[in-house]
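*Asks:* Attaching a single structure in structure tokens format; questions to follow.
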Amino acid sequence: MKLFTVYHHFFLFAQCCWTASLCAALAHTSNRSMIRGVGVLRTMVGKDGDASNAITKHIQDHVAATSSLSEGKPVRATMVTTGNKVVFVQEWNTITDHQVYSEQIGNDLDNCVQTLVQDPPTCEFFPEALHIFQGSSSDDIGILVRQSTSSSENGAKLRDVQKAAYERQMGFEPGCTCCIILANGSDTVRIIELWKTMQDFSFHESSEWHAQGEEHVVPLVTDMDCDFVKGSRLLF
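Throughout the sequence shown, residue numbering follows mature numbering (1 follows the signal peptide of the UniProt record, and there is no 0), covering -19 to -1, 1 to 217 in sequence.
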């Protein structure tokens, strides 16, 4: 009878712990969202550190100015920097919104930074922009990734595998603030992942779910670049 009582109490304790964990996970899940739209990734390399800093200021001013557009305004804007390289991602809900924006704004930003950059800025359009985010942190650290596969078909598979991996990791990592996947139907995807702190990033790197995700990603990737960056979510 005593043994039964011990097991019964242990079962009740375990059930309470499981329920508490489930409630916490559900509460955390309700805090995050996945949005699908279109995006543009613009890369600018400053002539030196001062030029790079000036570019980031122009980008911040540009985001502030375009946020008041009556039509075609971006709904999300993210900037990451590494060395003198500045990468700026803007997102819209629809391709029509992006077209309206382009007609109104044109090359205003490129013109503002033309004396600051080593080479003319590059601009890539992505008809698929998946943005998974949580929390309100705006100044983060993270990685900027380019992953290539052997075909456009594998590029689509990689996009889907990464989407599943990021949605899963968000459930375990309150310190992960956003994951952006940019795809254009080719063999390559571009990715930005951001965390609040270096400790949050290290926790991710050593996690079981990261290892599980890599098992599906690595067989598809034939070439990749990965830069450690400072990130700012300017509009979200």
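Beta carbons: idealized from backbone N, C-alpha and C, even for Gly.
Excluding the 5 residues flanking valine 202 on each side, which residues of the same chain have their C-beta closer than 8 Å to its C-beta?
*Replies:* Closer than 8 Å at Cβ, skipping near neighbours: Gln128, Ser129, Thr130, Leu139.
*Asks:* Does DSSP classify glycine 152 as helix, strand or coil?
*Replies:* In this structure, glycine 152 counts as helix in the three-state DSSP scheme.
*Asks:* For serine 51 and serine 213, I'd like the C-alpha separation in whole angstroms.
*Replies:* Serine 51 and serine 213: Cα-Cα distance of roughly 24 Å.
*Asks:* Looking at the unbroken alpha helix (DSSP H) that takes in leucine 90, where does it start and where does it end?
*Replies:* Note, leucine 90: alpha helix (DSSP H), 89 to 94.
*Asks:* Thinking just about the alpha-carbon of each residue, which of Gly194, Asn65, Asn74, Ile40 is nearest to the one in aspartate 100?
*Replies:* The shortest Cα separation from aspartate 100 among Gly194, Asn65, Asn74, Ile40 belongs to Asn65.
*Asks:* Kindly list the residues whose CB is nearer than 8 Å to the CB of glutamate 148, restricted to its own chain and excluding five residues on each side of it in sequence; keep chain order.
*Replies:* Counting only Cβ-Cβ distances below 8 Å, and skipping sequence neighbours, we find Met15, Ile113.
*Asks:* For isoleucine 124 and isoleucine 86, I'd like the C-alpha separation in whole angstroms.
*Replies:* Cα to Cα, isoleucine 124 sits roughly 29 Å from isoleucine 86.
*Asks:* Going by the CB atoms, is the gap between serine 132 and aspartate 168 shorter than 7 Å?
*Replies:* A contact, by the Cβ cut-off of 7 Å.
*Asks:* Could you check the C-alpha separation between valine 68 and threonine 37 for me, to the nearest Å?
*Replies:* When rounded, the distance between both Cα atoms is 9 Å.
*Asks:* Is the number of C-beta pairs between the region 102 to 112 and the region 19 to 38 that are closer than 8 Å three or more?
*Replies:* Yes, they touch.
*Asks:* Can you say whether alanine 58 is buried or exposed, counting buried as having 16 or more other CB atoms within 10 angstroms of its CB?
*Replies:* Buried, since its Cβ has 16 or more Cβ neighbours within 10 Å.
*Asks:* Could you check which residue in Glu174, Asn165, Pro155 has the C-alpha nearest to that of valine 210?
*Replies:* Comparing Cα positions, the closest option is Glu174.
*Asks:* Smallest Cα separation from aspartate 29: which of Val170, Met151, Gly156, Val98?
*Replies:* Answer by Cα proximity: Val98.
*Asks:* With respect to the beta strand (DSSP E) encompassing glutamine 41, which residues constitute its N-terminal and C-terminal limits?
*Replies:* Careful: glutamine 41 lies outside any beta strand (DSSP E), inside the alpha helix (DSSP H) at 30 to 47.
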